[in-house]
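A.B. asks: As they're listed, the protein sequences go chains A and B. Per my numbering, the first sequence starts with residue 1, numbered consecutively. Per my numbering, the second sequence starts with residue 1001, numbered consecutively.
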Amino acid sequence: MTNDEFSERILAMTQTLYRVSYAHLSQSCDRNDAVQECLCRAWQKRHQLKDACYMQTWVIRILINACHDIQRKRGREVPGPGDAWATLPAAPPDADVELHDALLRLEPALRVPIVLHYMEGYAIREIAQILRLPEGTIKTRMASGRRALKHMLSEV
Amino acid sequence: MRDIDLKNAFGTADRDFHRNLYFTLAKLQAERESKPMKKRFARRLCLVLTVALMLILITGAALALSNAWGMMDFLRERSGVEVLPEAVDIVQKGMPQTGAQTEHANFSVREAIYDGQVVYIVVDAKPTRPDYLLLGGDTWPEYPISDLGPLFEDRDGLIETYAAENNLICVKADIGSPDDATEGSMDYIVEADGTLVFMLKFKYDSADAELAFSIGCVSALFIESEGQTKIDIDNLQISTLTAALRNTGTETVVSTATATYADCGVRVDKITLTGSAMAIYARIEYTVTDVEKFAQMDGCLWFEFVDANGERLPMGAYGGASVQALDESGTRFELTDNLRAAATLPSKVILRAYRYDEQIRYETHSFGME
């Protein structure tokens, strides 16, 4: 893969990178940091990617790791129960506010598989690979997430 | 669920996100054109340095400024970390270097430390014109002026307003870690004379006596286009800053036994502590022993060093921590962290497992070190 191809593929993933980072981090500055870190790591390791067709899932995995690093750092800077979603961030102007708030109220463990499946179109098996979890775990979490979302949305 | 379209739950990527992505890619491309850092042995280094002498810039001149920020200022004032008093003795100044120059800024190394684990480096970017206002990293003209550092922290308003009031032209200036550095972080401030000062830290594990490295330096004007402020990527200026550092060395101790963290489904196989005046760098190698319990940690398992009272030990000068898989199957991992420097490496450490997303603490084990 040439450097230009790398950049083109990343730019084509802009909305995916945005949504995946949004699913993990409430602050836009943190999302920007995570994406920067993700791109630097992906760039440094781009030659290790054996098959370019896996680039998207590979980059998402790196981004999720970068998001986790930032969450960890936040936990370290603010000892104690550092729940990033204790106060929901305001929905972006072009977002569906009800869906936004409902999704962010979900536990991260339930939210991320839902985002990867319903927003990004990944199959259960692919999500299991990205999150390094058994398929059964993903199915269970998605079912729980769906139930919780329906419940929250029916209350609105 | 099928009747709910979740795709619009988060909206679409905003302007900040787009330009952050765009500039990061441009910077990576630019850095690619600079030479990656190479480990060199002292003999080979001499050749390089002999050639480089023609272009040597001595940072002593820069340090003549009474209020110039140094390495210890960044560590103390910006990161709030403590290092050993001896750290001052291993700060390298006036090292051989070839400065980088772009149309907008001259880059040079002010101070640096290399302890065999991490390169700590303070880099000056001096504007080439008095009316250039250099903005580092991800700073944009519409950001608060207080983002420019301590000199501006009591001021209100935006950078673009300050620039307009003082007839200054905003210029993006940035530096990057070498291509083969494993990870790093950066901070920056603007000094009274307009010098943009970067503090860059990046990991580079080596036992070589000397380290020669190159880092990419970029600059570009901010321009107005279609009613938006953008970076003039088409005219991005790229240059390379090259310097050589002495490896001041470290000491190492390793754990004498393993310990199983049954609640988390892992066994800690080995702890390695490597100490310098800057930090104690810790490497924790662990293996998954119970797949089900490990999966329940949801990828959020972490370890922390604690004292006898269970209080987490303060971090060292590097600050960053990370975990990576050591095998394809994801059963062996290595966590790297760093702790505050100590005069002697400990003969015993206490390690606690925890889940960082929910801040749940798990088992604690003691390890003898020798």
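Where is the CB? At the ideal position from N, CA and C, for every residue including glycine.
Can you tell me whether DSSP reads C1170 of chain B as helix, strand or coil?
C.D. replies: DSSP places C1170 of chain B in strand when its eight states are reduced to three.
A.B. asks: Please confirm if C1300 of chain B has its CB atom under 8 Å from at least one CB of chain A.
C.D. replies: Chain A contact via Cβ: present.
A.B. asks: Under 8 Å between beta-carbons, which chain A residues line up against L1021 of chain B? List them in chain order, please.
C.D. replies: Those are I10, L11, T14, L17, V35 and L39, listed as they occur along chain A.
A.B. asks: Between A123 of chain A and chain B, is any beta-carbon pair separated by less than 8 Å?
C.D. replies: False, the Cβ-Cβ gap to chain B never drops below 8 Å.
A.B. asks: Counting only the same chain and skipping the five closest in sequence on each side, list residues whose C-beta sits under 7 Å from that of S144 of chain A.
C.D. replies: For S144 of chain A, where only same-chain residues beyond five positions count, the Cβ hits under 7 Å are L110.
A.B. asks: In whole angstroms, what separates the C-alpha of R41 of chain A from that of P93 of chain A?
C.D. replies: Whole-angstrom Cα-Cα distance: 31 Å.
A.B. asks: Against chain B, does L99 of chain A count as a neighbour if the rule is that its beta carbon must be under 8 Å from one of theirs?
C.D. replies: Interface residue, yes.
A.B. asks: Does the beta carbon of A1164 of chain B sit closer than 8 Å to a beta carbon anywhere in chain A?
C.D. replies: No - not a single Cβ of chain A is within 8 Å of the one on A1164 of chain B.
A.B. asks: Can you check whether the CB of G1316 of chain B is closer than 8 Å to the CB of S1347 of chain B?
C.D. replies: No.
A.B. asks: Looking at the strands, I want to know which residues DSSP matches up with S1214 of chain B.
C.D. replies: B:T1242, per the DSSP bridge assignment.
A.B. asks: How is S1091 of chain B classed by DSSP in three states: helix, strand or coil?
C.D. replies: Reading off the sequence, residue 1091 of chain B comes out as Val, not Ser. Correct three-state label for V1091 of chain B: coil.
A.B. asks: Which stretch, first to last residue, makes up the beta strand (DSSP E) that contains W1302 of chain B?
C.D. replies: Residues L1301 to V1306.
A.B. asks: Does T189 of chain A come out as helix, strand or coil in the three-state DSSP assignment?
C.D. replies: Residue 189 of chain A lies beyond the stretch modelled for chain A, which goes from 1 to 156, so this question has no answer here.
A.B. asks: To which residues of the same chain is V1083 of chain B closer than 7 Å at the C-beta, ignoring the five residues directly before and after it?
C.D. replies: Within the same chain, V1083 of chain B has close Cβ partners L1075, A1277, M1278, A1317 and A1341.
A.B. asks: How many Å lie between C1300 of chain B and E1160 of chain B at the Cα?
C.D. replies: In a straight line, the C-alpha of C1300 of chain B is about 41 Å away from that of E1160 of chain B.
A.B. asks: Checking contacts by CB at 8 Å: is L49 of chain A closer than that to chain B?
C.D. replies: No - not a single Cβ of chain B is within 8 Å of the one on L49 of chain A.
A.B. asks: Compare the C-beta of Y1356 of chain B with all C-beta atoms of chain E and state if any pair is closer than 8 Å.
C.D. replies: Here chain E cannot be found, since the structure's protein chains are A and B.
A.B. asks: Do you know offhand how far R1044 of chain B's Cα is from T1248 of chain B's?
C.D. replies: The pLDDT assigned to R1044 of chain B is 34, lower than 50, so where the model puts this residue is not dependable, and the model offers no usable value.
A.B. asks: Which residues mark the beginning and the end of the alpha helix (DSSP H) in which S1366 of chain B is found?
C.D. replies: Premise fails: S1366 of chain B lies in the beta strand (DSSP E), I1360 to G1368, not in any alpha helix (DSSP H).
A.B. asks: Cα-Cα, which of B:D1234, B:D1263, B:T1274 and B:V1171 is closest to L1339 of chain B?
C.D. replies: The option with the nearest alpha carbon to L1339 of chain B is B:T1274.
A.B. asks: On the three-state DSSP scale, how would you describe Q1117 of chain B?
C.D. replies: Reduced to three states, the DSSP call for Q1117 of chain B is coil.
A.B. asks: Can you confirm whether A128 of chain A, when its beta carbon is compared against all beta carbons of chain B, has any partner nearer than 8 Å?
C.D. replies: So no, A128 of chain A is outside the interface.
A.B. asks: Using a Cβ-Cβ distance under 8 Å, would A148 of chain A count as near chain B?
C.D. replies: No - not a single Cβ of chain B is within 8 Å of the one on A148 of chain A.
A.B. asks: Got a sec: does the ligand GDP put a non-hydrogen atom nearer than 7 Å to the Cβ of L1200 of chain B?
C.D. replies: In terms of ligand content, the structure shown is empty, and the ligand GDP therefore cannot be addressed.
A.B. asks: Are G1070 of chain B and S1185 of chain B closer than 8 Å when you measure CB to CB?
C.D. replies: Not closer than 8 Å, so no.
A.B. asks: G1184 of chain B lies in the beta strand (DSSP E); which residues open and close that run?
C.D. replies: Looking at the DSSP string, the run of the beta strand (DSSP E) that includes G1184 of chain B is G1184 to V1190.
A.B. asks: Tell me whether the beta-carbon of L975 of chain B lies closer than 8 Å to the beta-carbon of E1251 of chain B.
C.D. replies: Only positions 1001 to 1370 of chain B appear in the structure, and residue 975 of chain B is not among them; the question remains open.
A.B. asks: Return the first residue and the last residue of the alpha helix (DSSP H) that R141 of chain A is part of.
C.D. replies: E135 to E155 is the span of the alpha helix (DSSP H), which, as asked, contains R141 of chain A.
A.B. asks: Going along chain B in order, which residues have a C-beta closer than 9 Å to the C-beta of Q27 of chain A?
C.D. replies: What Q27 of chain A touches in chain B: nothing, since even the nearest Cβ is about 12 Å away.
A.B. asks: For chain B, is any of its Cβ atoms less than 8 Å away from the one on R132 of chain A?
C.D. replies: Cβ-Cβ to chain B under 8 Å: yes for R132 of chain A.
A.B. asks: Are the stretch 1223-1237 of chain B and the stretch 1085-1098 of chain B touching, with three or more C-beta to C-beta distances below 8 Å?
C.D. replies: No, because fewer than three Cβ pairs between the stretch 1223-1237 of chain B and the stretch 1085-1098 of chain B fall closer than 8 Å, the two stretches do not touch.
A.B. asks: Any idea if K45 of chain A is buried or exposed, counting beta-carbon neighbours within 10 angstroms, 16 or more meaning buried?
C.D. replies: By the 10 Å Cβ count, K45 of chain A comes out exposed.
A.B. asks: Taking Cβ to Cβ, would you say E1165 of chain B is nearer than 8 Å to T1128 of chain B?
C.D. replies: Result no, Cβ atoms of E1165 of chain B and T1128 of chain B do not sit closer than 8 Å.
A.B. asks: To the nearest angstrom, how far is it from the Cα of R1078 of chain B to the Cα of C53 of chain A?
C.D. replies: Going from the Cα of R1078 of chain B to the Cα of C53 of chain A covers about 42 Å.
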